[in-house]
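See structure below.
There are 2 protein chains.
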Amino acid sequence: MQTIDWDDDRDCVVMVDQTRLPAEYTTDHAETVDELVGSIEVLRVRGAPALGAAGAYGVALAARTVEAEEYATYEERVRAQAARVADARPTAVNLAREVDAVLEVLDSCESVPEARERTLEAAQRVANEDIRRNRQLGEHGAALLADGATVMTHCNAGALATVDWGTALGVVYSAQEAGKDVDVVANETRPLNQGSRITTVELMQRDVDVTLIPDNAAGLCLQEGRVDAVVVGADRVVLGGGERFGDQGVVFNKVGTYKHAVVAARHDVPFVVAAPHATVDTERDADEVAIEERDPAELREVYGSQNAPADVPVYNPAFDRTPMELVDYLVTETGVYEPPLDRADFAPPVPEA
Amino acid sequence: MQTIDWDDDRDCVVMVDQTRLPAEYTTDHAETVDELVGSIEVLRVRGAPALGAAGAYGVALAARTVEAEEYATYEERVRAQAARVADARPTAVNLAREVDAVLEVLDSCESVPEARERTLEAAQRVANEDIRRNRQLGEHGAALLADGATVMTHCNAGALATVDWGTALGVVYSAQEAGKDVDVVANETRPLNQGSRITTVELMQRDVDVTLIPDNAAGLCLQEGRVDAVVVGADRVVLGGGERFGDQGVVFNKVGTYKHAVVAARHDVPFVVAAPHATVDTERDADEVAIEERDPAELREVYGSQNAPADVPVYNPAFDRTPMELVDYLVTETGVYEPPLDRADFAPPVPEA
Numbered sequence: 003m004q005t006i007d008w009d010d011d012r013d014c015v016v017m018v019d020q021t022r023l024p025a026e027y028t029t030d031h032a033e034t035v036d037e038l039v040g041s042i043e044v045l046r047v048r049g050a051p052a053l054g055a056a057g058a059y060g061v062a063l064a065a066r067t068v069e070a071e072e073y074a075t076y077e078e079r080v081r082a083q084a085a086r087v088a089d090a091r092p093t094a095v096n097l098a099r100e101v102d103a104v105l106e107v108l109d110s111c112e113s114v115p116e117a118r119e120r121t122l123e124a125a126q127r128v129a130n131e132d133i134r135r136n137r138q139l140g141e142h143g144a145a146l147l148a149d150g151a152t153v154m155t156h157c158n159a160g161a162l163a164t165v166d167w168g169t170a171l172g173v174v175y176s177a178q179e180a181g182k183d184v185d186v187v188a189n190e191t192r193p194l195n196q197g198s199r200i201t202t203v204e205l206m207q208r209d210v211d212v213t214l215i216p217d218n219a220a221g222l223c224l225q226e227g228r229v230d231a232v233v234v235g236a237d238r239v240v241l242g243g244g245e246r247f248g249d250q251g252v253v254f255n256k257v258g259t260y261k262h263a264v265v266a267a268r269h270d271v272p273f274v275v276a277a278p279h280a281t282v283d284t285e286r287d288a289d290e291v292a293i294e295e296r297d298p299a300e301l302r303e304v305y306g307s308q309n310a311p312a313d314v315p316v317y318n319p320a321f322d323r324t325p326m327e328l329v330d331y332l333v334t335e336t337g338v339y340e341p342p343l344d345r346a347d348f349a350p351p352v353p354e355a
Numbered sequence: 003m004q005t006i007d008w009d010d011d012r013d014c015v016v017m018v019d020q021t022r023l024p025a026e027y028t029t030d031h032a033e034t035v036d037e038l039v040g041s042i043e044v045l046r047v048r049g050a051p052a053l054g055a056a057g058a059y060g061v062a063l064a065a066r067t068v069e070a071e072e073y074a075t076y077e078e079r080v081r082a083q084a085a086r087v088a089d090a091r092p093t094a095v096n097l098a099r100e101v102d103a104v105l106e107v108l109d110s111c112e113s114v115p116e117a118r119e120r121t122l123e124a125a126q127r128v129a130n131e132d133i134r135r136n137r138q139l140g141e142h143g144a145a146l147l148a149d150g151a152t153v154m155t156h157c158n159a160g161a162l163a164t165v166d167w168g169t170a171l172g173v174v175y176s177a178q179e180a181g182k183d184v185d186v187v188a189n190e191t192r193p194l195n196q197g198s199r200i201t202t203v204e205l206m207q208r209d210v211d212v213t214l215i216p217d218n219a220a221g222l223c224l225q226e227g228r229v230d231a232v233v234v235g236a237d238r239v240v241l242g243g244g245e246r247f248g249d250q251g252v253v254f255n256k257v258g259t260y261k262h263a264v265v266a267a268r269h270d271v272p273f274v275v276a277a278p279h280a281t282v283d284t285e286r287d288a289d290e291v292a293i294e295e296r297d298p299a300e301l302r303e304v305y306g307s308q309n310a311p312a313d314v315p316v317y318n319p320a321f322d323r324t325p326m327e328l329v330d331y332l333v334t335e336t337g338v339y340e341p342p343l344d345r346a347d348f349a350p351p352v353p354e355a
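Line order of the protein sequences matches chains A and B.
Per my numbering, the first sequence starts with residue 3, numbered consecutively.
Per my numbering, the second sequence starts with residue 3, numbered consecutively.
Below is the structure:
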């Protein structure tokens, strides 16, 4: 099933409950906006593209559940409910963006039934568009992998971070679909362990051989020749590095990515970034992008057990910067790009795939 | 207090109970060989030099607790008990070596009281010698650190891995003792978290400012200029690298060390290995040293919680290899050596400090 979808039988949102992974692969239904907001807040659904779809379906859910006699009153109430969905994770750009995109259809609706039908259609388009983009990206990336290749990945840039198929793992699935035998080395990805909790689960479900390693073992794996390519996603790609980070641009991705890139370069293992065009930020330089610092509790406690002194100072950045000079290929839905990148290829609007 | 010591009042072994860190800093008394073996097995005491002292004190404990009328019978029984101590951790070379060293005094003893006195003296010498060596190593290493320096370390090569003072952290303590203000960035060190559980505790106890990071953030810290030197211990140093790992030799240390070394080199941050002469193996090449693989359960479960699918394949190596070409300084109890190393400096016997 998709990471998040519309359940036609129950007329509500259904999602894989990622808080129960890896112990259980179960679904969670959100029949009200309250329930959906709760699910987003506790990270039952996570990953920027999946959150975008959650926002889109959230508007459809609001349209389904709000009641009013007058259309104007109805629309006002739907927008109020939709705003609550958009605010469920304040820093997730995709969430608010796709809420707004689906809300646009309300302007041209004239009745409650029409609004209900058309918001759901718009939400389905958002979800389907994500899958279509990821499949195209996957096919482009798969061409880089030889039959029998071992791919190392970091964090979860997979089906469960998107509506389906994924970006970095989409490359693996597309290679598999093309008849190639590809297996994966998954880094645990401390401190939130998306690699061990999520990436392993989705690879095993799709019959891709996966080996879990501690992040600390990635260097040894590269040194020992156990890896043919490193393939990761990206949270943001900037084309200007600024003085500190090289002039070819920078990839912002889950913390730990940078070390993998440096060691991969040392061993001539190709380093591949798989990310949709929408990830490329043509406006900012690397110096202008702040790196989010997360809660020290993520390190002081692990699964509720004390992992460090309760008062130890902690530096817990969510992302790091990989200079583009360490990236061999950037794969998007429109093709494979070899840095140094040509700014013209990424000028908005995002090109049609 | 020392990590492990003889309690004169209770006439038995006393050690810091490292299984209770970081929640509690408490001591554990071993009044019988059974209790000591149990404490070694459950890792109340760990780290090669500390285990050496545990072995030495174990013989003294056997000599204290064994009874026999005839000296020959007594000696036989002490040796049998000592063998149980030596076997408590089969791969810990120091443990068996120091058991044997203290057992040697039995040859020249003629009575039970004499054996009891002289084994304890010998054990105290083993412990004191470790502290003396670490202090000398620390002073040599401290000369490399400027006032105000920030040191990054990995795992726990500290007081709690030795009888006292430590090796990598001994360098920090010696710098502090010399009046330098030095602070530390401690890597968590997955999968056993010695950095978050042990290194943080001992640094805080000694009033050294410490910041805990996930291993994944080490690259960002080096890139951002937050680190002036990386200082780590070593489990084994070989002088011949073999074809695969460079011809200058290799440092075997806790897995993750290699990535730190590669990234430190990229940012021109000095990479320092602090280890006693006894760590240098002049016999073997890197190819001849096997890397221990540890239990997959260390990754599949964390503090008793499921961290990955129960049946996911795992690669969990305990150590990795850092080619000597990435090491700027090797610090021992006799001085600071800059690779490429001169084999003559490390020819057995180990030089007197």
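Idealized CB from N, CA, C, for every residue including glycine.
Just so it is clear, the structure is predicted and the values come from calculations on it, not from any experiment.
- [ ] Throw me the rounded Cβ distance for the V35 of chain A and R86 of chain A pair, which I believe falls under 8 Å.
- [x] The count along the first sequence starts at 1 and reaches residue 35 of chain A at position 33. The count along the first sequence starts at 1 and reaches residue 86 of chain A at position 84. The pair is a contact, with the Cβ atoms about 6 Å apart (cut-off 8 Å).
Task: Paired residues, beta bridge with T152 of chain B - DSSP - done: Reading the second sequence from its first residue, position 150 is the one you call residue 152 of chain B. According to DSSP, T152 of chain B bridges with B:D185.
Open item on the list: With three or more C-beta pairs closer than 8 Å as the rule, is the segment 260-274 of chain A touching the segment 215-233 of chain A?
Closed with: As far as the Cβ criterion goes, the segment 215-233 of chain A touches the segment 260-274 of chain A, which means the pair count is three or higher.
Open item on the list: With a threshold of 7 Å on Cβ separation, who are the neighbours of T21 of chain B within its own chain once the five nearest residues in sequence on each side are excluded?
Closed with: Here residue 21 of chain B corresponds to residue number 19 of the second sequence, with the count starting at 1. Excluding residues within five positions, the ones whose Cβ falls inside 7 Å are V44, L45, R46.
- [ ] Give me whichever residues DSSP pairs with V333 of chain B in a beta bridge.
- [x] On the second sequence, residue 333 of chain B is found 331 positions in, with the first residue counted as 1. DSSP, once it has assigned bridges, lists B:A276, B:V338 as partnering V333 of chain B.
- [ ] Please say whether T213 of chain A and P311 of chain B have beta carbons closer to each other than 8 Å?
- [x] Counted from its first residue, the second sequence places residue 311 of chain B at position 309. Counted from its first residue, the first sequence places residue 213 of chain A at position 211. Not in contact: P311 of chain B and T213 of chain A (Cβ atoms no closer than 8 Å).
Task: Residues near A349 of chain A by beta carbon distance below 8 Å, same chain, minus five either side - done: Residue mapping note: residue 349 of chain A aligns to position 347 of the first sequence, counting from 1. Hits under 8 Å: T284.
Task: Assumed close pair V329 of chain A, V275 of chain A - CB separation to whole angstroms, cut-off 8 Å - done: Start at 1 with the first residue of the first sequence, and residue 329 of chain A comes out as number 327. Start at 1 with the first residue of the first sequence, and residue 275 of chain A comes out as number 273. Separation of the CB atoms of V329 of chain A and V275 of chain A is rounded to 5 Å, and the pair is thereby assigned contact status at 8 Å.
Task: Alpha-carbon to alpha-carbon, P351 of chain B and E77 of chain B - done: In the second sequence, residue 77 of chain B corresponds to position 75, counting from 1. In the second sequence, residue 351 of chain B corresponds to position 349, counting from 1. When rounded, the distance between both Cα atoms is 30 Å.
Task: Any C-beta of chain B under 8 Å from that of D322 of chain A - done: Position 320 of the first sequence, counted from the first residue, corresponds to residue 322 of chain A. At a cut-off of 8 Å between beta-carbon atoms, D322 of chain A makes contact with chain B.
- [ ] Could you check which residue in A:G40, A:A64, A:D19 has the C-alpha nearest to that of D13 of chain A?
- [x] Here residue 13 of chain A refers to the residue found at position 11 when the first sequence is read from its first residue. Of the residues A:G40, A:A64, A:D19, the one whose Cα lies closest to the Cα of D13 of chain A is A:A64.
Task: beta strand (DSSP E) runs contained entirely in the segment 209-243 of chain B, provided each spans 3 or more residues - done: As far as the segment 209-243 of chain B is concerned, its whole beta strand (DSSP E) runs of at least 3 residues are 212-215, 231-234, 238-242.
Task: Interface positions of the segment 192-219 of chain A facing chain B (Cβ-Cβ less than 7 Å), listed along the chain - done: Residues of the segment 192-219 of chain A with a C-beta less than 7 Å from any C-beta of chain B: R192, P193, N195, S198, R199, T202, V203, M206, V212, T213, L214, I215, P216, D217, N218, A219, listed in chain order.
Open item on the list: Between which two residues does the alpha helix (DSSP H) holding D102 of chain A run?
Closed with: Residue numbering aside, residue 102 of chain A sits at position 100 when the first sequence is read from its first letter. Per DSSP, D102 of chain A belongs to the alpha helix (DSSP H) from 95-105.
Task: Proximity of P2 of chain B and D132 of chain B at Cβ, strictly below 8 Å - done: No statement about residue 2 of chain B is possible, as the shown extent of chain B runs from 3 to 355 and does not include it.
Task: Opening and closing residue of the beta strand (DSSP E) in which P298 of chain A lies - done: Translated into positions along the first sequence, residue 298 of chain A becomes position 296. If you look at P298 of chain A, you'll find it isn't in any beta strand (DSSP E); DSSP assigns it neither H nor E.
TODO: Give the DSSP-derived three-state secondary structure of N136 of chain B in the structure shown.
DONE: For the purposes of this step, residue 136 of chain B is taken as the residue at position 134 of the second sequence. It is helical.
Open item on the list: In this structure, how does DSSP classify T324 of chain A when only helix, strand and coil are distinguished?
Closed with: In the first sequence, the residue the question calls residue 324 of chain A occupies position 322. DSSP places T324 of chain A within a strand segment (E or B) once states are collapsed to three.
- [ ] For A310 of chain B, return the contacting residues in chain A, with the cut-off set at a CB-CB distance below 7 Å.
- [x] Residue numbering aside, residue 310 of chain B sits at position 308 when the second sequence is read from its first letter. Contact note: A310 of chain B reaches chain A through P24, S198, R199, T202, L214, using a C-beta cutoff of 7 Å and chain order.
Open item on the list: Counting only Cβ-Cβ distances shorter than 7 Å, please list the residues of the segment 244-262 of chain A near chain B, keeping chain order.
Closed with: Under the 7 Å Cβ criterion, the segment 244-262 of chain A contributes V257, G258, Y260, K261.
Task: Beta-carbon spacing of G150 of chain A, V333 of chain A below 8 Å - done: Counting from one through the first sequence, the residue named residue 150 of chain A turns up at place 148. Counting from one through the first sequence, the residue named residue 333 of chain A turns up at place 331. Not a contact, by the Cβ cut-off of 8 Å.
Open item on the list: For the beta strand (DSSP E) containing T202 of chain B, name the first residue and the last one.
Closed with: As a position in the second sequence, residue 202 of chain B is number 200, starting the count at 1. Bounds of any beta strand (DSSP E) do not take in T202 of chain B; it lies within the alpha helix (DSSP H) bounded by 202-207.
Task: alpha helix (DSSP H) runs wholly inside the segment 32-76 of chain A, at least 4 long, in chain order - done: You should have 35-43, 50-67.
- [ ] Out of B:P24, B:D11, B:D19, B:I6, point me to the one whose CA is closest to L53 of chain B's CA.
- [x] What you label residue 53 of chain B is simply residue 51 of the second sequence in a count that begins at 1. Checking every option, the nearest Cα to that of L53 of chain B belongs to B:I6.
Task: Range of the contiguous alpha helix (DSSP H) that encloses R268 of chain A - done: Here residue 268 of chain A refers to the residue found at position 266 when the first sequence is read from its first residue. Looking at the DSSP string, the run of the alpha helix (DSSP H) that includes R268 of chain A is 259-268.
Task: Neighbour list for V338 of chain B in chain A, Cβ cutoff strictly below 8 Å - done: By 1-based counting over the second sequence, the position of residue 338 of chain B is 336. In chain order: nothing, as chain A lies at least about 25 Å away.
- [ ] Mind checking the segment 37-51 of chain A against chain B and listing, in chain order, the residues whose C-beta falls within less than 9 Å of any C-beta there?
- [x] Across the segment 37-51 of chain A, no CB contact with chain B closer than 9 Å is found for any residue.
Task: Unbroken alpha helix (DSSP H) run spanning V174 of chain B, endpoints - done: For the purposes of this step, residue 174 of chain B is taken as residue 172 along the second sequence, with counting starting at 1. V174 of chain B -> alpha helix (DSSP H) spans 170-179.
- [ ] Determine the closest residue to H156 of chain A out of A:Y260, A:E116, A:E245, with distance taken between C-alpha atoms.
- [x] Counting from 1 along the first sequence, the entry for residue 156 of chain A is found at position 154. Comparing C-alpha distances from H156 of chain A to each of A:Y260, A:E116, A:E245 shows the shortest one belongs to A:Y260.
- [ ] Within 10 angstroms of the Cβ of P325 of chain B, are there 16 or more other Cβ atoms? Answer buried if so, exposed if not.
- [x] Taking the second sequence and counting its residues from 1, the one referred to as residue 325 of chain B is at position 323. Classification for P325 of chain B: buried.
Open item on the list: Could you check whether F321 of chain A and D217 of chain A sit closer than 8 Å to each other, using their CB atoms as the reference points?
Closed with: Here residue 217 of chain A corresponds to residue number 215 of the first sequence, with the count starting at 1. Here residue 321 of chain A corresponds to residue number 319 of the first sequence, with the count starting at 1. No, the Cβ-Cβ distance between D217 of chain A and F321 of chain A is not below 8 Å.
Open item on the list: Please classify S110 of chain A as buried or exposed, where buried requires at least 16 other C-beta atoms within 10 Å of its C-beta.
Closed with: Here residue 110 of chain A is taken as the residue at index 108 of the first sequence, counted from 1. Around the beta carbon of S110 of chain A, fewer than 16 other beta carbons lie within 10 angstroms, which makes this residue exposed.
Task: 8 Å Cβ cutoff met for A58 of chain A and I42 of chain A - done: Within the first sequence, residue 58 of chain A is the residue found at index 56, counting from 1. Within the first sequence, residue 42 of chain A is the residue found at index 40, counting from 1. Cβ distance not < 8 Å, so A58 of chain A and I42 of chain A don't count as in contact.
Open item on the list: For E290 of chain B, would you say it is in contact with chain A, using Cβ-to-Cβ distances shorter than 8 Å as the test?
Closed with: Here residue 290 of chain B refers to the residue found at position 288 when the second sequence is read from its first residue. Residue contact check for E290 of chain B against chain A: no CB pair falls below 8 Å.
Open item on the list: I need the DSSP call for S113 of chain B, collapsed to helix, strand or coil.
Closed with: Position 111 of the second sequence, counted from the first residue, corresponds to residue 113 of chain B. Coil at S113 of chain B, not helix or strand.
Open item on the list: Rounding to the nearest angstrom, what Cα-Cα distance links T67 of chain B and A94 of chain B in this structure?
Closed with: Your numbering for residue 67 of chain B matches position 65 in the second sequence. Your numbering for residue 94 of chain B matches position 92 in the second sequence. Rounded to the nearest whole angstrom, the C-alpha separation of T67 of chain B and A94 of chain B is 24 Å.
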